[in-house]
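Reading through the structure tokens given below for one structure.
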Amino acid sequence: MRIAADTTRCIGAGTCAFTSPEIFDQNEQDGTVVLLRPEPSDAQADTVRRAIHNCPSGALSLAAPTEGTT
Ligand code: SF4
């Protein structure tokens, strides 16, 4: 699993960072999403999917995994 974040769509609502603070943070200047861990573990997958689903701007998505990773 690999997360893609489009900071041009992010409105800085912070839902992702609230849902999954070990994966997402927010830029201190404008509040846009910062990916702390773009390739989360399998154990974190459900939480990440919930964060993506709950993002109000549709800025988060799942990207194809980097070669050699899952
Ligand atoms: S939930 Fe979506 S809009 Fe809110 S900070 Fe995260 S990526 Fe940005």
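Residue numbers (this note's numbering): 1335 to 1404. Note that beta-carbon positions come from the ideal geometry of N, C-alpha and C, so glycine has one too.
Other residues of its chain near residue i: CB distance less than 6 Å, five sequence neighbours each side excluded
{"i": "R1371", "result": "I1357"}
{"i": "A1385", "result": "C1350, T1353 and S1354"}
Spatial neighbours of residue i in its chain, beta-carbon cut-off 8 Å, leaving aside the 5 residues before and after
{"i": "C1391", "result": "Before going further, note that residue 1391 is Ser rather than Cys in the sequence given. Closer than 8 Å at Cβ, skipping near neighbours: R1343, C1344, I1345 and A1347."}
{"i": "A1397", "result": "R1336, I1337 and A1338"}
{"i": "Q1360", "result": "G1346, G1348, A1351, T1366, V1367 and V1368"}
{"i": "A1379", "result": "M1335"}
Identity of the residue in the options nearest residue i by Cα
{"i": "D1364", "options": "T1341, P1374 and R1384", "result": "T1341"}
{"i": "I1369", "options": "P1355, D1380, Q1378 and A1379", "result": "Residue 1369 is actually Leu in this sequence, not Ile. It is P1355 whose Cα lies nearest to the Cα of L1369."}
Segment limits, beta strand (DSSP E) that includes residue i
{"i": "R1336", "result": "R1336 to A1339"}
Contacts around residue i, its chain only, beta-carbon distance under 7 Å, and the 5 residues preceding and following it disregarded
{"i": "N1388", "result": "T1349 and T1353"}
Continuous alpha helix (DSSP H) stretch holding residue i: start and end
{"i": "D1380", "result": "A1379 to N1388"}
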